[in-house]
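Residue numbers (full-length UniProt numbering): 1 to 270.
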C-alpha cells in the first residue's frame, strides 16, 4: 500500500480543495443570484426575492425551450438506445471484416468538435436533402443529437457485455428457449442497468448540447441551451437565466446519481 507523508497529504488535499472550489463556487454564485432582487446579477447579493422564479415559471419561451429540449433529448435517446445496443452486440458477439473500423466510426462523433459535426449536418440538410424535396426540420435535430448520443449507450452496453458469461445463454437454449426468450429473460436482465445508465447519459448529453443545435435547429426553434445563450446577450435577463440554470443544476444531480448507481456491478451495490 502506498503511504504518503503528512506534507504530501496536505498538498494533495489543498490541490483537491482548489479544484473543487474552481468547479463549484461559480455554480453557487448562479444559485445565489437566482434569488437576487436586482435585475442584473451582482455580488454580494444584498436583497433576496422570489420574483424571478415566478416570472421564469410563467414564461412561455422558457416552457417552449424546455419542451423542445425534452422532446429532442428523448428522440435522440431512443435512437441511441436502439443503434448503440445493436452495434455493441455486433462487435461483441461476432467477428467480421472491418470490425475495428466500425468501432472507430461509432466512437468518432463524440471525439469530433461539435462545430464540425454541426457544419457537416447543416450542409447535408441544406445542400443535399432540401434540393431533392426532403425537409428534415425538427427530425433533423434529433438525428444530429443521436449521432453522438449513440456512443454513451454503446460504451455502457459493450462494457457490460464483455463481462457476461455465455454459459447462462447456452443453458437457456439447451432447455428449449427461443432466441427471443433467451434475450428477454436471460440476456437483457444482465445488461439492463448499463442499458438504462447509457440512456440517461445520452439524454443528459443531448439536453445540454448547444453547438450542434445551432447548425441544425429549424428557424424559430430554441432548445433550453440556445435560449440561455441568446439571453446572455441581454444583461436585463440575467436573473431569469440564473433561475433556469439553478433548476438545471439541481435536476442534473438525478441522472448522474442514477447512472452511477446503475453502472456499478450488482455485487458492489449497497
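C-beta: ideal position from N, C-alpha, C; glycine also. Given the structure is predicted, the values throughout are model-derived calculations rather than measurements.
Problem set entry | Where residue 270 falls, given that 16 or more other Cβ within 10 Å makes a residue buried | Below a pLDDT of 50, predicted positions are generally treated as unreliable, and residue 270, at 47, falls in that range; no measurement from the model is reported.
For this session: May I ask you to report which of helix, strand or coil DSSP gives residue 94?
Result: coil
Exercise. Does the count of Cβ pairs from the region 128-142 and the region 83-100 closer than 8 Å reach three?
Worked result: no
Problem set entry | Contacts around residue 185, its chain only, beta-carbon distance under 8 Å, and the 5 residues preceding and following it disregarded | 172 and 177
Problem set entry | Rounded separation between residue 143 and residue 233 - CA only | 29 Å
For this session: Would you identify the three-state DSSP class for residue 270, choosing helix, strand or coil?
Result: Its pLDDT being 47, under 50, residue 270 is placed unreliably in this model, and the value from its coordinates should be taken loosely. Residue 270 falls in the coil class under three-state DSSP.
For this session: Determine the contact status of residue 65 and residue 149, defining contact as a CB-CB distance below 8 Å.
Result: no
Exercise. Is it buried or exposed for residue 73, if we count other Cβ within 10 angstroms and need 16 for buried?
Worked result: buried
For this session: Answer with buried or exposed for residue 67, where buried requires no fewer than 16 other C-beta atoms within 10 angstroms of its C-beta.
Result: exposed
For this session: Please go through the region 64-125 and give each complete alpha helix (DSSP H) segment of 4 or more residues, from N-terminal end onward.
Result: 99-111 and 114-123
For this session: Decide if residue 139 is buried, meaning its Cβ has at least 16 other Cβ atoms within 10 Å, or exposed.
Result: exposed
Exercise. Does the Cβ of residue 205 have 16 or more other Cβ atoms within 10 Å, making it buried, or fewer, making it exposed?
Worked result: buried
Exercise. Nearest to residue 151 by CA position, among 216, 81, 115 and 183, is which residue?
Worked result: 81
Problem set entry | Continuous alpha helix (DSSP H) stretch holding residue 51: start and end | 51-57
Problem set entry | Where the alpha helix (DSSP H) containing residue 12 begins and where it ends | 6-33
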